[in-house]
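One structure below.
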Amino acid sequence: MVDIVSFVRNSDYDLPGLIESLRRSVKLCGFNLADVAGKKVLLKPNLLGAYPPERGITTNPDFVCAAAIVFREAGATVSIGDSPNGIFDIDTCWERSGLREACKKSGAREIHFESCGSTKVGTLNISKAIFDADFVINLPKFKTHSLTMMTLAVKNLFGCVCGVQKARLHKKHFRHGEFANLIVRIANAVKPALTIIDGITAMDENGPSSGRLLNLSLIAASTNMHLLDERCSRLVGIDPLEVPTLQEALKLGLWKPDSSCEIVGDDMEEIRRIEFRRPATFKRKIFRFRFFKLLEHLIWSNLSSQPEISDEKCKICMFCVRACPVEAIKIPSGAKKPDIDEKECIQCMCCHEVCPHAAIDLKESLLIRLGRWYHGLTKGAGKSKCDEN
């Protein structure tokens, strides 16, 4: 059976229109809503932290509310659950993001993964709420990510790991490939029945919390999360073979670049014309060249972009200090703001991810700049099949 990816245009978060667009999106991608009648459905949005909807960082609450209504009207008992970054107050996250109000409006139950206990899957501890549901419906936000290039279907499921465990995993798996492999294994354990991506307002540049907002007017859905990530990446001009989670899925035999699929729904030509910008950590396609792959293993810290605290933007909220899994950020004696110890920093970008003031800049290393120069010399070389599509 050929997998299906549906692309549906929807320009805003007006609830009645959104409900109809989501219902159409789900039907087009081959998911049978009749199957959820009498079942427990868990909606898993992106609740990164205590950010208001207008910041475009979390899955829009009206998008989540509309999805909950669609599944409730199909006869399901619906819950909405996630685990935000461990430095945030959980109730503040639900309140400020609008997701608490979405639960009230839709009649869905609010679930905090932190309070549900966890289930051991191999070496992973995943929220028990995932396995208590008959269907997990994944509701990510369409964004870039400083560590994984894109945060779409697969990356969103890192939230199924609870609270402070995330920091420990960042510390243990800090290289792009290692972290991506971890995320793919988590996603494979969760096995969402369906993913519906909120790309109505998307984010590029330095996501997942400090990027530029774009109106893509897109709802993307599929029962195959890896294929959906591939097609969404291609849609905005990103080579899927450059996305670490897709690289790892390929190694694990979960996805192939030449996988056949059916694309259904609305015309996406307008989106293809948008200049979608990468995060600074993935500015150029330098890692496809063997020379730089060798350097990655030999001198990782010099190859990675380095987070840097902006004097102008820093409000001394200390979120970066609390988020750093290796305690590389401190306020030196006599200083007025935190400072990052570059020797201790593992470039996990947790500080960049959680800063509510977008005060963590990403400074390109010498080798990244060298790679940009090298890419200019070899422009057009090493072209992959994905570039041609």
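Going letter by letter, the sequence shown gives residues 0 to 388 in numbering that gives the first Met the number 0.
Note that beta-carbon positions come from the ideal geometry of N, C-alpha and C, so glycine has one too.
Could you tell me if residue i is buried or exposed, where buried requires 16 or more neighbouring beta carbons within 10 angstroms of its beta carbon?
i, result
"residue 277", "buried"
"residue 251", "exposed"
"residue 33", "exposed"
"residue 22", "buried"
"residue 136", "buried"
"residue 167", "exposed"
"residue 317", "exposed"
"residue 241", "buried"
"residue 265", "buried"
"residue 116", "exposed"
"residue 384", "Unreliable positioning characterises residue 384 in this predicted model, as indicated by a pLDDT of 40, which lies under 50. A coordinate reading is not provided."
"residue 268", "exposed"
"residue 284", "Confidence at residue 284 is low in this model, with a pLDDT of 47, below 50, so its placement is unreliable and no value can be given for it."
"residue 330", "exposed"
"residue 154", "buried"
"residue 121", "exposed"
"residue 247", "buried"
"residue 113", "buried"
"residue 16", "exposed"
"residue 232", "buried"
"residue 258", "exposed"
Using only the alpha-carbon positions, how far apart do residue i and residue j sit?
i, j, result
"residue 131", "residue 357", "37 angstroms"
"residue 234", "residue 222", "18 angstroms"
"residue 1", "residue 262", "10 angstroms"
"residue 321", "residue 152", "27 angstroms"
"residue 419", "residue 164", "Outside the shown range of the chain (0 to 388) lies residue 419, about which nothing can therefore be said."
"residue 14", "residue 186", "29 angstroms"
"residue 256", "residue 249", "8 angstroms"
"residue 238", "residue 271", "13 angstroms"
"residue 197", "residue 310", "33 angstroms"
"residue 190", "residue 355", "31 angstroms"
"residue 87", "residue 158", "14 angstroms"
"residue 325", "residue 344", "7 angstroms"
"residue 184", "residue 6", "26 angstroms"
"residue 444", "residue 174", "This structure gives no information on residue 444, because the portion of the chain shown stretches from 0 to 388."
"residue 26", "residue 342", "52 angstroms"
"residue 107", "residue 339", "42 angstroms"
"residue 3", "residue 149", "21 angstroms"
"residue 215", "residue 118", "37 angstroms"
"residue 74", "residue 56", "30 angstroms"
"residue 162", "residue 82", "6 angstroms"
"residue 104", "residue 52", "16 angstroms"
"residue 143", "residue 230", "15 angstroms"
"residue 307", "residue 327", "12 angstroms"
"residue 20", "residue 315", "42 angstroms"
"residue 102", "residue 60", "9 angstroms"
"residue 95", "residue 50", "6 angstroms"
"residue 91", "residue 236", "36 angstroms"
"residue 98", "residue 65", "12 angstroms"
"residue 210", "residue 85", "21 angstroms"
"residue 133", "residue 30", "14 angstroms"
"residue 206", "residue 243", "15 angstroms"
"residue 172", "residue 323", "14 angstroms"
"residue 359", "residue 312", "8 angstroms"
"residue 54", "residue 208", "8 angstroms"
"residue 35", "residue 178", "33 angstroms"
"residue 287", "residue 111", "No answer about residue 287 holds up, because its pLDDT of 49 lies below 50 and its placement is not dependable."
"residue 273", "residue 160", "34 angstroms"
Can you tell me the Cβ-Cβ gap for residue i and residue j, rounded? I've got them flagged as a contact below 8 angstroms.
i, j, result
"residue 58", "residue 139", "7 angstroms"
"residue 12", "residue 62", "6 angstroms"
"residue 361", "residue 279", "4 angstroms"
"residue 203", "residue 281", "At roughly 11 angstroms, the Cβ-Cβ gap does not stay under 8 angstroms, so residue 203 and residue 281 are not in contact."
"residue 18", "residue 68", "6 angstroms"
"residue 363", "residue 304", "6 angstroms"
"residue 220", "residue 193", "7 angstroms"
"residue 319", "residue 347", "Not quite, the Cβ-Cβ distance comes to about 12 angstroms (not below 8 angstroms), so this is no contact."
"residue 195", "residue 332", "With a Cβ gap of about 50 angstroms, residue 195 and residue 332 do not count as contacting."
"residue 260", "residue 212", "About 29 angstroms separates the two Cβ atoms, so there is no contact after all."
"residue 8", "residue 217", "7 angstroms"
"residue 72", "residue 93", "So it is not a contact: roughly 23 angstroms between Cβ atoms."
Ends of the alpha helix (DSSP H) at residue i?
i, result
"residue 123", "Looking at the DSSP string, residue 123 is not in any alpha helix (DSSP H); the run it does join, the beta strand (DSSP E), is 123-126."
"residue 89", "89-96"
"residue 69", "60-72"
"residue 169", "164-171"
"residue 318", "318-322"
"residue 259", "Careful: residue 259 lies outside any alpha helix (DSSP H) and carries neither H nor E."
Closest Cβ-Cβ distance between residue i and chain D: below 8 angstroms?
i, result
"residue 24", "Included in the structure is just one protein chain, with no chain D present."
Just to confirm the assignment, what range does the beta strand (DSSP E) spanning residue i have?
i, result
"residue 8", "2-8"
"residue 223", "It is not in any beta strand (DSSP E) - residue 223 carries neither H nor E in the DSSP assignment."
"residue 201", "193-203"
"residue 184", "Element bounds for residue 184: not the beta strand (DSSP E) but the alpha helix (DSSP H), 175-189."
"residue 362", "359-362"
- Is it true that the region 44-61 meets the region 114-127, where meeting means three or more beta-carbon pairs spaced less than 8 angstroms apart? No, they do not touch.
- Is the region 25-40 close to the region 71-87, with three or more CB pairs under 8 angstroms? With the cut-off at 8 angstroms, the region 25-40 and the region 71-87 touch.
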